[in-house]
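Residue numbers (the UniProt record's numbering): 1 to 179. Every residue gets a Cβ at the ideal spot worked out from N, C-alpha and C, and that includes glycine. Here the structure is laid out as structure tokens; the discussion comes afterwards.
Here it is, written out as structure tokens:
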């Protein structure tokens with residue numbers, strides 16, 4: 001959730017929650033300007049006595065804290081305008097397309113959490129099955145559209161190594177590690 005908050009704030013989008021009275025559900029409202037922002041909204045404070053609050057908006061507890069951290073901060077530039085756009089070709093989804101290279105790209109982020117230090121897959125994780133099925137669909141598209149290649153880019157080394165061994169049978173899929 002913090003990642004989403006950070007990305008949204010970097011592009012000037014804020015959000016708030018509101019109760020949808022017709023459906024009686026919390027609703028998230030995203031906006032990129034202050035047109036829908038509600039200024040000077042005050043919520044009544046009610047002691048948590050265990051009594052029914054009449055469904056009125058209220059604050060039952062307020063806690064404030066802060067944490068000061070000193071040191072070096074490293075950031076990665078994120079620009080939503082330059083990110084890889086998702087593509088669909090022959091009903092198959094790809095994360096990106098590089099026309100000059102005749103390549104579809106597939107990006108995979110933090111998969112090393114599903115592997116032990118020795119590189120073996122944790123028993124409970126079944127996500128590799130869907131990745132293998134996805135790679136099969138990618139290979140089918142590449143087979144009928146030569147000289148097309150599909151490049152799978154892994155952000156972490158263990159998952160890259162694991163899938164490079166499995167994908168060896170897919171002749172048009174290239175596996176790369178790019179941290």
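Here residue 144 is exposed, its C-beta having fewer than 16 other C-beta atoms within 10 Å.
Under DSSP, residue 103 forms a beta bridge with 98, 149. The beta carbon of residue 103 lies closer than 6 Å to those of 149, 151 in the same chain, with the five residues before and after it left out.
For residue 132, there is no enclosing beta strand (DSSP E); the residue is found in the alpha helix (DSSP H) stretching over 127-143. Around the Cβ of residue 158, a 10 Å sphere holds 16 or more other Cβ atoms; the residue is buried. The continuous alpha helix (DSSP H) containing residue 166 extends over residues 157-166. In the three-state reduction of the DSSP assignment, residue 116 falls in the coil class. Contact check for residue 141 and residue 154: beta-carbon distance about 20 Å, past the 8 Å limit, so the pair fails to qualify. Around the beta carbon of residue 172, 16 or more other beta carbons lie within 10 angstroms, which makes this residue buried. Rounded to the nearest angstrom, the gap between the Cα atoms of residue 118 and residue 138 is 29 Å. Remark: C-beta atoms of residue 108 and residue 115 do not approach each other more closely than 9 Å.
A distance of 9 Å or more separates the beta carbons of residue 112 and residue 105. Residue range 25-31 is occupied by the beta strand (DSSP E) that includes residue 26. Per DSSP, residue 173 is one residue of the beta strand (DSSP E) stretching across 173-177. In the DSSP assignment, residue 86 falls outside any beta strand (DSSP E) and carries neither an H nor an E.
Per the coordinates, the alpha-carbon of residue 166 lies some 13 Å from the alpha-carbon of residue 127.
In the structure shown, residue 110 adopts coil according to DSSP, grouped into three states. Straight-line spacing of the CA atoms in residue 100 and residue 130 works out to 29 Å.
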